Amino acid sequence: MEVEEIVEGILLGNKRALARGITYVENDFPEGKEVMKRIYKHTGRAHVVGITGFPGVGKSTTVSKLTQEFRKRGKKVGIVAVDPGSPFTGGALLGDRLRMDGLDTNRQLWLDPGVFFRSMSSRGKAGGLAAKTGDVVRLMDAFGFDVIMVETVGAGQSEVDIIEVADTAIVVLMPEMGDDIQINKAGILEIGDIYVVNKADLGGAEKTEKWLKAMLMMDQEAVEILSKTTHADEAAVESGEIFARMKKGKGWIPPVIKTIADRGEGIEELANAIEEHKRFMEESGLLKERRARRLSRELFDLIMDEIKERLATDESLGFREMVDRVINNEIDPHTAVEQILKVLIKENGV
Ligand SMILES: Nc1nc2c(ncn2[C@@H]2O[C@H](COP(=O)(O)OP(=O)(O)OP(=O)(O)O)[C@@H](O)[C@H]2O)c(=O)[nH]1
Ligand SMILES: [Mg+2]
1133 MEVEEIVEGI LLGNKRALAR GITYVENDFP EGKEVMKRIY KHTGRAHVVG
1183 ITGFPGVGKS TTVSKLTQEF RKRGKKVGIV AVDPGSPFTG GALLGDRLRM
1233 DGLDTNRQLW LDPGVFFRSM SSRGKAGGLA AKTGDVVRLM DAFGFDVIMV
1283 ETVGAGQSEV DIIEVADTAI VVLMPEMGDD IQINKAGILE IGDIYVVNKA
1333 DLGGAEKTEK WLKAMLMMDQ EAVEILSKTT HADEAAVESG EIFARMKKGK
1383 GWIPPVIKTI ADRGEGIEEL ANAIEEHKRF MEESGLLKER RARRLSRELF
1433 DLIMDEIKER LATDESLGFR EMVDRVINNE IDPHTAVEQI LKVLIKENGV
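For the sequence shown, the numbering used here assigns the number 1482 to the last residue and increments by one with no breaks.
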C-alpha cells in the first residue's frame, strides 16, 4: 500500500489502511513518518484513556467491559495494548479477553466498524515505546475513534511515560495492595486521574479504597480544602461527598471506584467518571495545558533524537574526532560542545 492510499484509507475509515499504517510506524519504516506527517492535522479529537496497573489486576477485563459500555453510548472505540498479558499472573492477552467477552477480535470485532484493537510488543524497544504508542494513538484518532484506550503494565518508567499519552489516566489496583510500598515507588499515586480497586469480590476492597483516598488526600490542595472543614464533615469524607465538593473547587480529586470487572460491576460508574474527567479537563482548560506540555516534550525529544542521529552518522560534523581530542586532553568537553554546536548550526545556514 502506498502512503497516499494509507492516508486516504485512514481518513475514510478503512481498517486495513489503519492496520498497515500502524505496522509502518511500529517498524520504523520511512513511510510511517510520511503517513504521520500527513494525518497530523486530522488528530486531536479523540479522548485518550490510559489504563495501567500491576500485572494481573484486571486491566484487560476492564478495558473489554469499558469497550462494551462505550459502544452502548454510541462511541467508537480504538484500543492499544502495550505488551499485553503476562503469563505468570494469569493475565490473558487482551485480544483473548475481548473474545471471551463476546467482542471477537477475529469476527465480530472486525465486523463492528466502531471497534479496533491492536497490540504492541514492548520487548526490545523500551526507549521509543512511548513515542510509538503516541503515534499509533494518533493514527486511530485520525481514523475517527471517539475514545482510544491504551492498556499498559504499570511497573516501570517507560509505562509511566506511556500513560502520559493519555488525557485521562486510570490506575487499576486490587485489594490488599493498599499498603504496598511498591505502589509509591512506581509513582502510581501521582499519575492517576481515576483509581480503580478491581476484584472487589475478593474482600478487603474497602480497606484499599480507604487507604488510597487517604493517600490521595495528601495532595496540597486537598489539605487546604480539608483544613476549612470541621470534624462534623467526617461523615462527608466517609461517604465521598467531600470529594465531590473538592472537585467543584479548582482541582480534580481522583475518584476511587470499586469494580468487579469480570462481572461488569462498577463499569458504568467508571465510564461516567471518565466522561466527567473529560468534561472537567475541557472546561478547566487543563486538557489544552496537558496536551501542550506533552507536545513540547515530544518536540524536544524528537529534536534531540535527530541531533544524536546526525552526530552519529554524519562524519562531516567531526563528532568522533572531537571525542578523540577530548580523550587526548587537547580540548575540554565544554569547548568541544560549543564547537560542535557551531558546526551544526552553520551547516544549516542559521
Ligand atoms: N475475582 C476476580 N477476578 C477478576 C476480576 N477481574 C478480572 N479478574 C481475573 O483476573 C485475571 C487477570 O485479568 P486481566 O484482565 O487479564 O488482567 P491484566 O491486568 O490485564 O493482566 P496483565 O495484562 O497480564 O497485566 C483473569 O483471570 C481475570 O478473569 C474481578 O473483578 N474479580
Ligand atoms: Mg492485560
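Where is the CB? At the ideal position from N, CA and C, for every residue including glycine.
Since the structure is predicted, the reported quantities are computational estimates derived from the model, not experimental observations.
Terminal residues of the beta strand (DSSP E) in which Arg-1429 lies: On the sequence shown, residue 1429 is found 297 positions in, with the first residue counted as 1. Taken as a continuous stretch (DSSP letters only), Arg-1429 belongs to no beta strand (DSSP E), being part of the alpha helix (DSSP H) at 1418 to 1445.
Whole-Å CB distance - Val-1195 paired with Val-1167, under 8 Å assumed: If you number the sequence shown from 1, residue 1195 lands on position 63. If you number the sequence shown from 1, residue 1167 lands on position 35. The pair is not a contact, with the Cβ atoms about 26 Å apart (cut-off 8 Å).
Contact test: Ser-1251 Cβ vs ligand 2 heavy atom, cutoff 7 Å: Taking the sequence shown and counting its residues from 1, the one referred to as residue 1251 is at position 119. For ligand 2, not one heavy atom lies less than 7 Å from the Cβ of Ser-1251.
Top-ranked residue by Cα proximity to Gly-1260, from Asp-1160, Glu-1453 and Glu-1470: Here residue 1260 is taken as the residue at index 128 of the sequence shown, counted from 1. Closest by alpha carbon: Asp-1160.
Exposure label - Ala-1178; buried when at least 16 CB within 10 Å: Residue mapping note: residue 1178 aligns to position 46 of the sequence shown, counting from 1. With 16 or more other Cβ atoms within 10 Å, it is buried.
Alpha helix (DSSP H) runs wholly inside the stretch 1389 to 1420, at least 4 long, in chain order: 1399 to 1416
Residues near Glu-1341 by beta carbon distance below 7 Å, same chain, minus five either side: Start at 1 with the first residue of the sequence shown, and residue 1341 comes out as number 209. So the list reads Val-1329, Val-1388 and Lys-1390, once near-sequence residues are dropped.
Three-state class that DSSP yields for Val-1297 in the structure shown: One-based indexing of the sequence shown puts residue 1297 at position 165. In the structure shown, Val-1297 sits in coil (DSSP, three-state: anything other than H, G, I, E or B).
Contacts around Val-1458, its chain only, beta-carbon distance under 6 Å, and the 5 residues preceding and following it disregarded: On the sequence shown, position 326 is the one that residue 1458 refers to. Pro-1465 and Ala-1468, listed in sequence order.
N-terminal and C-terminal residue of the beta strand (DSSP E) that Ala-1213 is part of: For the purposes of this step, residue 1213 is taken as residue 81 along the sequence shown, with counting starting at 1. Taken as a continuous stretch (DSSP letters only), the beta strand (DSSP E) holding Ala-1213 covers 1209 to 1214.
Enclosing beta strand (DSSP E) for Glu-1113 [first to last residue]: Nothing can be reported for residue 1113, as the shown portion of the chain is limited to 1133 through 1482.
Whether Glu-1163 touches Tyr-1172 by CB criterion (8 Å): The residue given as residue 1163 occupies position 31 in the sequence shown. The residue given as residue 1172 occupies position 40 in the sequence shown. Not closer than 8 Å, so no.
For Asn-1461 and Asp-1267, the rounded distance between their alpha carbons: Locating residue 1267 in the sequence shown gives position 135, where the first residue counts as 1. Locating residue 1461 in the sequence shown gives position 329, where the first residue counts as 1. Spanning the two alpha carbons is a distance of roughly 43 Å.
Check whether Gly-1206 and Ala-1393 have beta carbons under 8 Å apart: The residue labelled residue 1206 in the question sits at position 74 within the sequence shown. The residue labelled residue 1393 in the question sits at position 261 within the sequence shown. In this structure, Ala-1393 does not lie closer than 8 Å to Gly-1206 by Cβ.
Unbroken beta strand (DSSP E) run spanning Gly-1185, endpoints: The residue you call residue 1185 lines up with position 53 of the sequence shown. Per DSSP, Gly-1185 belongs to the beta strand (DSSP E) from 1179 to 1185.
Lys-1191: CB within 7 Å of a non-hydrogen atom of ligand 2: In the sequence shown, counting from the first residue as 1, residue 1191 sits at position 59. Yes - ligand 2 has a heavy atom lying nearer than 7 Å to the Cβ of Lys-1191.
Ligand 1 heavy atom lying under 7 Å from the CB of Asn-1460: The count along the sequence shown starts at 1 and reaches residue 1460 at position 328. Every heavy atom of ligand 1 is 7 Å or more from the Cβ of Asn-1460, so no.
Proximity test, Gly-1185 beta-carbon vs ligand 1 heavy atom, cut-off 7 Å: Residue mapping note: residue 1185 aligns to position 53 of the sequence shown, counting from 1. Yes, the beta carbon of Gly-1185 sits closer than 7 Å to at least one heavy atom of ligand 1.
Sequence-distant residues of its chain with Cβ nearer than 8 Å to Lys-1478 (five each side left out): Your numbering for residue 1478 matches position 346 in the sequence shown. Same-chain partners within the cutoff: there are none.
Cβ-based neighbour list, Leu-1419, same chain, cut-off 7 Å, excluding 5 preceding and 5 following: Residue 1419 sits at position 287 when you count from the first residue of the sequence shown. For Leu-1419, where only same-chain residues beyond five positions count, the Cβ hits under 7 Å are Asp-1299 and Met-1413.
Residue environment, Ala-1258, which counts as buried when at least 16 other CB atoms sit within 10 Å: Translated into the one-based positions of the sequence shown, residue 1258 becomes position 126. Because Ala-1258 sits at a pLDDT of 48, beneath the cut-off of 50, its placement in the model cannot be relied upon, and the following sentence gives the value as read from the coordinates. Under this definition Ala-1258 is an exposed residue.
Cα-Cα separation, His-1174 to Asp-1273: Here residue 1174 refers to the residue found at position 42 of the sequence shown. Here residue 1273 refers to the residue found at position 141 of the sequence shown. If I take the Cα positions, the gap works out to 8 Å.
Distance between Leu-1144 and Glu-1338 (C-alpha atoms, nearest Å): Locating residue 1338 in the sequence shown gives position 206, where the first residue counts as 1. Locating residue 1144 in the sequence shown gives position 12, where the first residue counts as 1. Answer to the nearest angstrom: the Cα atoms are 47 Å apart.
Cβ neighbour criterion (16 or more within 10 Å) applied to Phe-1432: In the sequence shown, counting from the first residue as 1, residue 1432 sits at position 300. Exposed is the call here.
Inter-residue spacing [alpha-carbon to alpha-carbon] between Arg-1170 and Leu-1150: Here residue 1170 refers to the residue found at position 38 of the sequence shown. Here residue 1150 refers to the residue found at position 18 of the sequence shown. Computed Cα separation, rounded: 13 Å.
Host alpha helix (DSSP H) of Ile-1340 (start-end): Locating residue 1340 in the sequence shown gives position 208, where the first residue counts as 1. With the sequence shown as reference, residue 1340 is identified as Thr, and Ile is not the correct amino acid for it. Start and end: 1337 to 1349.
For Ser-1448, three-class secondary structure by DSSP: Sequence index remark: in the sequence shown, residue 1448 carries index 316 (1-based). Looking at Ser-1448 - three-state DSSP - the assignment turns out to be helix.
Candidates Asp-1333, Thr-1184 and Leu-1344: closest to Met-1281 by CA position: On the sequence shown, residue 1281 is found 149 positions in, with the first residue counted as 1. That would be Thr-1184, whose Cα lies nearest to the Cα of Met-1281.
Opening and closing residue of the alpha helix (DSSP H) in which Phe-1275 lies: Taking the sequence shown and counting its residues from 1, one reaches residue 1275 at position 143. Element bounds for Phe-1275: 1261 to 1275.
Given Glu-1296 as reference, the closest of Glu-1415, Val-1181, Gly-1153 and Met-1133 once Cα atoms are compared: Start at 1 with the first residue of the sequence shown, and residue 1296 comes out as number 164. Nearest of Glu-1415, Val-1181, Gly-1153 and Met-1133 to Glu-1296, Cα basis: Val-1181.
Assigned secondary structure, Met-1252 (DSSP; H/G/I helix, E/B strand, else coil): Reading the sequence shown from its first residue, position 120 is the one you call residue 1252. DSSP places Met-1252 in strand when its eight states are reduced to three.
First and last residue of the uninterrupted alpha helix (DSSP H) at Glu-1201: Taking the first residue of the sequence shown as 1, we reach residue 1201 at position 69. It spans 1191 to 1204 - the alpha helix (DSSP H) in which Glu-1201 sits, taken as one unbroken run.
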